[in-house]
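What follows is one structure encoded as structure tokens, with my remarks underneath.
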Amino acid sequence: MRIKAISAESRDLKTLEAINEEAIPANERCALSDMIATGADVLSIEEGNEPVGFIAIRHYQNLVYLAYFAVRKDLRSKGIGGRALMSLIKLYPEKQIVAEHESPDIHCSNYATQIRRKEFYLRNGFFETKWHTHYDGTEFEIICSRPDFDADEFKAFSDYIATIVSDHIPNPFPVTAP
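Each residue of the sequence shown is one higher than the last, beginning at 121 in this note's numbering.
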């Protein structure tokens with residue numbers, strides 16, 4: 121497996137857009153070409169020389185924001201995603217990599233998927249932060265590649281990203297146990 125940066129002119133972009141369409145819910149999805157146009161890095165996850173997934177990230181000071189991450193449906197649960205996350209952490213050892221996943225809600229029809237997704241990140245080098253975001257009608261938990269999540273930097277990133285894109289802006293808030 122390897123991770124390769126792609127451009128808007130990449131011949132693999134069409135394949136990655138198809139994975140994006142299949143993997144990311146419509147209300148949360150942004151075209152990868154739009155991500156690139158607004159300054160995000162799109163990284164192709166490749167097995168052999170074939171793109172099998174992608175990671176879309178945004179950089180801000182000492183933070184790398186994992187905006188989108190997907191592996192082709194027929195190749196999930198084969199270790200590709202975990203290896204890709206570990207590769208991303210190795211690419212940016214001095215940075216905190218911040219991601220979000222849906223907050224598990226026992227009343228949701230995809231509760232088991234929400235739990236699997238959370239466990240996947242925690243198994244592959246991420247830590248809970250006790251911070252959440254809410255947008256597009258969904259609550260997300262913020263996770264970080266370091267146990268010492270810098271909430272102030274993430275808030276500053278949120279302000280910065282609002283100047284670039286008009287939707288999918290993470291607005292973090294702390295969550296305390298009841």
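Virtual Cβ for every residue (Gly too), placed ideally from N, Cα, C.
For Ala190, three-class secondary structure by DSSP: The DSSP-derived three-state label of Ala190 is strand.
Three-way DSSP call (helix, strand, coil) for Asp161 in this model: Assigned with DSSP and collapsed to three states, Asp161 falls in strand.
Beta-carbon proximity of Ala176 to Glu142, cut-off 9 Å: In this structure, Glu142 does not lie closer than 9 Å to Ala176 by Cβ.
Cut-off 7 Å between Cβ atoms - residues of its own chain near Lys250, not counting five sequence neighbours on either side: Excluding residues within five positions, the ones whose Cβ falls inside 7 Å are Pro294 and Val295.
Own chain partners of Pro267 with C-beta closer than 6 Å, once the 5 adjacent residues on each side are dropped: Answer for Pro267: Phe247, listed in chain order.
Cβ-based burial, Lys215 [other Cβ within 10 Å; buried from 16]: By the Cβ-count criterion, Lys215 is buried, with 16 or more other Cβ atoms from all chains shown falling within 10 Å of its own Cβ.
Inter-stretch contact (C-beta, 8 Å, three-pair minimum) for the stretch 146 to 161 and the stretch 227 to 247: No: the two stretches stay apart, fewer than three of their Cβ pairs being nearer than 8 Å.
Bridge-paired residues (DSSP) for Tyr180: Leu183.
Through-space distance from Ile289 to Ala282, alpha-carbon basis: Roughly 6 Å between the two C-alpha positions.
Span of the alpha helix (DSSP H), counted from its first residue to its last, around Phe240: Segment Tyr231 to Arg243, the alpha helix (DSSP H) holding Phe240.
Within 9 Å, strictly: CB atoms of Ser153 and Asp132: The answer is no: Cβ separation not under 9 Å.
Boundaries of the alpha helix (DSSP H) in which Tyr280 is found, first to last residue: Per DSSP, Tyr280 belongs to the alpha helix (DSSP H) from Ala271 to Ala282.
Within 9 Å, strictly: CB atoms of Phe174 and Tyr185: Cβ atoms of Phe174 and Tyr185: not closer than 9 Å.
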